[in-house]
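As structure tokens, the structure follows; a few thoughts come after it.
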Amino acid sequence: MPHSGSFASGTSTPAAGLYQASFNTSHSNLALKYRKPFAQRVLAEGQETFKPWKDSSKRRAADRKAHWIFVASTFLGIAASAVVMYFAYASVPRDKYCLVLEENFDGATINKDVWFHEMETGGFGNHQFDWTTDSTNNSFVEDGKLYIVPTLTSDSVGEAAITNGYTLNLTAAGTCTASNRTDAACAVASNATTGVILPPVQSARLMTNFSTAIRYGRVEVKARMPTGDWLWPAIWMMPKDSVYGEWPRSGEIDIFEGKGNAPKTRDGDGYNKMHSSLHFGPNYLFDGYGFATKIRNLWRNFFNQGYHTFGLEWTEDHLFTWEHTPVYKNLQVDFKKQNFWKRGQFPYQMANGTLLDNPWDEVRGPSANAAPFDQEFYLILNVAVGGTNGYFLDGKGDDKPWSNDAANARAQFWQSRNQWLPTWPSDPKQRGMAVESVKMWQKC
649 MPHSGSFASG TSTPAAGLYQ ASFNTSHSNL ALKYRKPFAQ RVLAEGQETF KPWKDSSKRR
709 AADRKAHWIF VASTFLGIAA SAVVMYFAYA SVPRDKYCLV LEENFDGATI NKDVWFHEME
769 TGGFGNHQFD WTTDSTNNSF VEDGKLYIVP TLTSDSVGEA AITNGYTLNL TAAGTCTASN
829 RTDAACAVAS NATTGVILPP VQSARLMTNF STAIRYGRVE VKARMPTGDW LWPAIWMMPK
889 DSVYGEWPRS GEIDIFEGKG NAPKTRDGDG YNKMHSSLHF GPNYLFDGYG FATKIRNLWR
949 NFFNQGYHTF GLEWTEDHLF TWEHTPVYKN LQVDFKKQNF WKRGQFPYQM ANGTLLDNPW
1009 DEVRGPSANA APFDQEFYLI LNVAVGGTNG YFLDGKGDDK PWSNDAANAR AQFWQSRNQW
1069 LPTWPSDPKQ RGMAVESVKM WQKC
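So, in structure tokens, the structure goes:
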């Protein structure tokens, strides 16, 4: 279509240095005008830029102030760190100890003069799912390390025997180590009708009860923990003579307890955590461990990924557990503050009206507050599996395959083996606990 009349004004302004078209009433009068580029000032090479704001006396004073603030802050930070490290170091007791056991596992077999295998089928007081043996499948020495390894019971007796038609009688075999060799701790028969099954896993539990026990002293165990869902590794101590009566009246010291599960979250409970506890109380219904327990959490280099040193320092006045060095304390208990009856906040009677007695009420002397932790304790190393005592809690969203309240919890665990067995490494050395060294000192 031909144009008539003039173009409306309002053409956009072109960039500097381009040609701009200017229109009048006729296209034939089109002219091109050149706009000169904006003037630029470029410093000559080596020419210093003038910055007048830097030459003011206020600016120079501010620079000096900032400099000295940085220097002072750095010095204070270093000094504060030194003070913290000093007090952490100074808090470690300097008691005199005499070495009573040093085990580096440099032989070809487990030293029977030091270690005793506890062999039972009942899962002990925690109702664990493992049968403890002295088989070399479950505990052996190799490459300068002690290995404690869980294996499937079906590997030795067949899968069908687990659920029906097999009688496991350690009393008849002469191998049961339980104090009462006529109860379920020593014998079990699988029966599909009643739902009773054999312990589906075999493992090992070694202790020094016949060789070494200490009353106040120090313990160090260097170990790598096992890998696999529902494994329960432990380094702990029990009283040699139980002078105050049955558990927990005579106490229990848990230096390390862990889990073989992979943590599902940063704060998840698995092979990233070290549990330390003291167990004490008038009877098994009243265990005061909730007032003497602590958890140490690692964010990397988990306990199953490398060797860690776990320790105990124990005197008449205090007890503490540690990991790596005594500076990194976990559980700390000061005996001087209160006795264990007050610490446990126990009632004076049970719900049915039965009076509770204080097992340590008659203890006198400067170390009375330490009771029941004022007697000889021996060391135990083991890898348990599962259990119904609440160490593995119900309802935590971790796909736990059994209920702690179920009468057939062991069977529930076994029925779900396709869920947990793939998490157990095929290499027994990676599946089990590997112990590099054990040292025990008695306070001299």
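Numbering (the numbering used here), first residue to last: 649 to 1092. All C-beta atoms in this analysis are idealised placements derived from N, C-alpha and C, irrespective of residue type, glycine included.
*C-alpha gap between Asn-1037 and His-775, whole angstroms*: For this step, residue 1037 is matched to residue 389 along the sequence shown. For this step, residue 775 is matched to residue 127 along the sequence shown. Their Cα atoms are separated by approximately 7 Å.
*Are three or more beta carbon pairs between the region 840-852 and the region 1058-1070 nearer than 8 Å?*
yes
*Jot down the residue ranges of each uninterrupted alpha helix (DSSP H) in the region 974-1034, minimum 4 residues, whole runs only, in chain order.*
988-992
*Is there contact here, the region 794-807 with the region 1076-1084, by at least three beta-carbon pairs under 8 Å?*
yes
*asked:* Measuring alpha carbon to alpha carbon, tell me which residue in Asp-778, Phe-788 and Asp-743 is nearest Phe-764.
replied: As a first step, residue 764 must be located in the sequence shown, where it is residue number 116. Checked all of Asp-778, Phe-788 and Asp-743; the closest Cα to Phe-764 is Phe-788.
*If we ignore side chains and look at the alpha-carbon of each, how far apart do Gly-936 and Lys-744 end up?*
In the sequence shown, counting from the first residue as 1, residue 936 sits at position 288. In the sequence shown, counting from the first residue as 1, residue 744 sits at position 96. Going by the C-alpha atoms only, they are around 31 Å apart.
_Which residues DSSP lists as bridging Lys-1087, in chain order_ = Here residue 1087 refers to the residue found at position 439 when the sequence shown is read from its first residue. Glu-750 and Glu-868.
*asked:* Can you find the residues in the same chain that come closer than 6 Å, C-beta to C-beta, to Ala-910, ignoring five residues on each side of it along the sequence?
replied: Taking the first residue of the sequence shown as 1, we reach residue 910 at position 262. The residues are Gly-918.
*Name the two residues that bound the continuous beta strand (DSSP E) containing Glu-961.*
The sequence position of residue 961 within the sequence shown is 313, counting from 1. Where Glu-961 is concerned, the enclosing beta strand (DSSP E) stretches over 956-962.
_DSSP three-state assignment for Asn-677, whether helix, strand or coil_ = By 1-based counting over the sequence shown, the position of residue 677 is 29. Here the model assigns Asn-677 a pLDDT of 49, short of 50, so the residue's position is not dependable and the matter cannot be decided.
*Counting Cβ pairs closer than 8 Å, one from the region 951-958 and one from the region 888-896, do we hit at least three?*
no
*For Ala-861, does the three-state DSSP call read helix, strand or coil?*
In the sequence shown, residue 861 corresponds to position 213, counting from 1. The answer is strand: DSSP assigns Ala-861 an E or B state.
_Cut-off 8 Å between Cβ atoms - residues of its own chain near Ala-832, not counting five sequence neighbours on either side_ = Along the sequence shown, one-based indexing puts residue 832 at 184. Cβ neighbours of Ala-832 beyond the five flanking positions: Thr-769 and Gly-770.
_Residue environment, Trp-1008, which counts as buried when at least 16 other CB atoms sit within 10 Å_ = Here residue 1008 corresponds to residue number 360 of the sequence shown, with the count starting at 1. Buried, since its Cβ has 16 or more Cβ neighbours within 10 Å.
*Does the distance from the C-beta atom of Val-869 to that of Gln-1090 stay below 8 Å?*
Position 221 of the sequence shown holds residue 869. Position 442 of the sequence shown holds residue 1090. Result no, Cβ atoms of Val-869 and Gln-1090 do not sit closer than 8 Å.
_Member of Trp-878, Asn-759 and Lys-907 whose CA lies at the smallest distance from the CA of Ser-859_ = On the sequence shown, position 211 is the one that residue 859 refers to. Comparing Cα-Cα distances from Ser-859 to each of Trp-878, Asn-759 and Lys-907, the minimum goes to Asn-759.
*By DSSP, does Arg-948 sit in helix, in strand, or in coil?*
Taking the first residue of the sequence shown as 1, we reach residue 948 at position 300. Correct three-state label for Arg-948: coil.
*Can you name the residues that DSSP bridges to Trp-970?*
Within the sequence shown, numbered from 1, the residue matching residue 970 stands at position 322. Gly-959 and Lys-977, per the DSSP bridge assignment.
*Grouping DSSP H, G and I as helix and E and B as strand, with all else coil, what is Arg-914?*
Locating residue 914 in the sequence shown gives position 266, where the first residue counts as 1. Here Arg-914 sits in coil by DSSP.
*Would you decide whether Lys-921 is buried or exposed? Buried here means 16 or more other CB atoms lie within 10 Å of its CB.*
As a first step, residue 921 must be located in the sequence shown, where it is residue number 273. Answer is buried; the Cβ neighbour count reaches 16.
_Reduced DSSP secondary structure (H/G/I, E/B, other) of Ala-709_ = Here residue 709 is taken as the residue at index 61 of the sequence shown, counted from 1. Helix.
*Element boundaries [alpha helix (DSSP H), containing Trp-627]*: Outside the modelled stretch of the chain, which goes from 649 to 1092, sits residue 627, for which no answer is possible.
_Residues bridged to Ala-837 (per DSSP)_ = Position 189 of the sequence shown, counting from 1, holds the residue named residue 837. For Ala-837, which the question treats as bridged, DSSP gives the partners Thr-815.
_Determine whether the beta carbon atoms of Glu-905 and His-923 lie at a separation below 8 Å._
The residue labelled residue 905 in the question sits at position 257 within the sequence shown. The residue labelled residue 923 in the question sits at position 275 within the sequence shown. Closer than 8 Å, so yes.
*asked:* Are the CB atoms of Thr-875 and Pro-1049 within a distance shorter than 8 Å?
replied: The residue given as residue 1049 occupies position 401 in the sequence shown. The residue given as residue 875 occupies position 227 in the sequence shown. Not in contact: Pro-1049 and Thr-875 (Cβ atoms no closer than 8 Å).
*asked:* By alpha-carbon positions, which one of Ser-827, Ser-802 and His-966 ends up nearest to Asn-987?
replied: The count along the sequence shown starts at 1 and reaches residue 987 at position 339. Closest option to Asn-987, Cα to Cα, is His-966.
*When DSSP labels each residue in this structure, what does Pro-881 get in the three-state scheme?*
Against the sequence shown, residue 881 aligns to sequence position 233. Correct three-state label for Pro-881: strand.
*Proximal residues to Ala-1032 (C-beta, below 6 Å), its chain only, five neighbours per side dropped*: On the sequence shown, residue 1032 is found 384 positions in, with the first residue counted as 1. Excluding sequence neighbours, Ala-1032 sits near Gln-776, Asp-778 and Trp-880.
_Going by DSSP in three states, Phe-723 sits in which element: helix, strand or coil?_
Along the sequence shown, one-based indexing puts residue 723 at 75. DSSP places Phe-723 in helix when its eight states are reduced to three.
_Cutting at 6 Å between CB atoms, please list the residues of its own chain near Ser-1015, excluding the five before and the five after it._
Along the sequence shown, read from residue 1 onward, the residue named residue 1015 stands at position 367. Closer than 6 Å at the Cβ level, and outside the excluded window around Ser-1015, lie Glu-964 and Asp-1022.
_Sub-8 Å separation of Gly-908 and Gly-992 beta-carbons_ = Start at 1 with the first residue of the sequence shown, and residue 908 comes out as number 260. Start at 1 with the first residue of the sequence shown, and residue 992 comes out as number 344. Contact: no.
*Member of Asn-1052, Val-844, Ala-709 and Asn-931 whose CA lies at the smallest distance from the CA of Thr-1002*: Start at 1 with the first residue of the sequence shown, and residue 1002 comes out as number 354. For the residues Asn-1052, Val-844, Ala-709 and Asn-931, the minimum Cα distance to Thr-1002 belongs to Asn-931.
_Residues near Asn-817 by beta carbon distance below 6 Å, same chain, minus five either side_ = To locate residue 817, count along the sequence shown from 1; it is residue 169. The answer, listed in chain order, is Ala-835.
*Going by DSSP, what residues sit across from Lys-921 in a beta bridge?*
Counting from 1 along the sequence shown, the entry for residue 921 is found at position 273. Lys-921 is bridged to Asn-945.
*Are there 16 or more other CB atoms within 10 angstroms of the CB of Asp-754, so buried, or fewer, so exposed?*
Sequence index remark: in the sequence shown, residue 754 carries index 106 (1-based). Asp-754 should be labelled exposed.
*Compare the C-alpha of Ala-809 against each of Thr-780, Ala-840 and Cys-824 and name the closest.*
Along the sequence shown, read from residue 1 onward, the residue named residue 809 stands at position 161. With distances taken between Cα atoms, Ala-809 lies closest to Ala-840.
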